[in-house]
Amino acid sequence: MIEMTDVNVRFGQREVLRGVTLSLPERRVGVIGANGSGKSTFARLVNGLALPSSGDVTVLGLDTRRHAARIRRRVGFLFSDPDAQIVMPTVAEDVAFSLRRKKLSREEVDGRVRGVLTRYGLAEHADHPAHHLSGGQKQLLALCSVLVLEPDILIMDEPTTLLDLRHSRQVADLLRSMPQQVVVVTHDLALLEDFDRVLVLDEGRIVADAEPEAAIDHYRKIMS
Ligand SMILES: Nc1ncnc2c1ncn2[C@@H]1O[C@H](COP(=O)(O)OP(=O)(O)OP(=O)(O)O)[C@@H](O)[C@H]1O
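The letter at position 54 of the sequence shown is residue 54 when you use full-length UniProt numbering, and the numbering goes up by one with no holes.
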């Protein structure tokens with residue numbers, strides 16, 4: 001469960017989020033809005049990467065101001081720029097790096113890494129340099145590195161921007177089948193069509209909060 005109470009976020013003089021109050025118990029939540037409307041900031045609030053200037057954010061019963069480290073262990077975050085997430089030379093090493101704090105044997109780490117790379121079609125690249133992957137493959141690698149940790153909540157910031165149709169569908173299928181709660185920031189409106197709830201941000205305010213069709217209609221109106 002994600003809860004925000006009267007949340008404002010300011011960067012200097014600029015109010016980036018204003019008066020956000022909501023509870024998000026739904027499993028699949030989409031966040032849409034114009035460029036600069038505050039979507040990424042909203043996503044970053046959920047795992048304590050951004051903190052409210054005023055108001056409170058509670059995730060899994062923990063206040064993000066006081067428990068950011070505990071929350072980050074349970075809330076996976078997929079950044080929009082996969083290069084920002086690649087830290088090790090090879091694909092397999094990069095995924096294994098995510099597991100460094102788990103007390104797992106070498107065999108367990110190898111098994112988990114192999115499993116997730118196979119599931120997302122990267123097994124044949126396991127020993128290749130991560131920076132040689134295509135943009136879309138890097139996005140899948142970043143996803144593998146987050147999912148291998150089996151987070152309770154997954155936050156994704158524009159997860160399909162670099163993906164071709166087949167891989168976009170693969171991500172959509174994953175979001176449908178995974179048991180965890182997911183919050184997805186996206187401009188890919190098709191991805192959200194069977195989501196449980198969609199929030200529309202406009203200049204830092206939530207201006208629509210509804211099922212996908214109604215929320216997307218509202219978004220189209222404010223963008224026209
Ligand atoms: N750390 C920061 N310092 C200063 N300003 C920031 C910071 N992070 C975000 N902003 C500003 O806050 C506003 C909202 O940014 P945010 O990235 O949340 O928007 P967004 O809706 O995700 O945009 P996009 O669709 O373009 O990715 C932007 O004007 C941005 O410049």
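Even for Gly, the Cβ is constructed at its ideal location relative to N, Cα and C.
Exposed is the label assigned to residue 177, since fewer than 16 other Cβ atoms lie within 10 Å of its Cβ. For residue 96 and residue 140, the gap between their C-alpha atoms comes out near 15 Å. The C-beta of residue 66 has fewer than 16 other C-beta atoms within 10 Å across all chains shown, which makes the residue exposed. The closest heavy atom of ligand 1 lies less than 7 Å from the beta carbon of residue 36. Spatial neighbours of residue 15 in its own chain (CB-CB distance under 7 Å, excluding positions within 5 residues in sequence) are listed in chain order as 8, 204.
DSSP places residue 97 in no beta strand (DSSP E) but in the uninterrupted alpha helix (DSSP H) bounded by 91-98.
The segment 82-100 makes contact with the segment 119-139; the number of CB pairs closer than 8 Å reaches 3 or more. Counting along the chain, the unbroken beta strand (DSSP E) around residue 4 starts and ends at 2-11. The closest heavy atom of ligand 1 lies 7 Å or more from the beta carbon of residue 160. Comparing alpha carbon positions, the residue from 72, 219, 29, 33 closest to residue 50 is 72. If only uninterrupted beta strand (DSSP E) runs of at least 3 residues are considered, those enclosed by the segment 151-194 are 153-157, 181-185. Proximity of the beta carbon of residue 184 to ligand 1 is not indicated: no heavy atom of the ligand is located closer than 7 Å. For residue 179, the closest of 192, 104, 122, 153 by C-alpha to C-alpha distance is 153. According to the DSSP assignment, residue 136 belongs to the alpha helix (DSSP H) that extends over 135-147. At a threshold of 7 Å, residue 77 does not count as near ligand 1, since its beta carbon sits no closer than that to any of the ligand's heavy atoms. Using a Cβ distance threshold of 8 Å, residue 5 and residue 21 count as a contacting pair.
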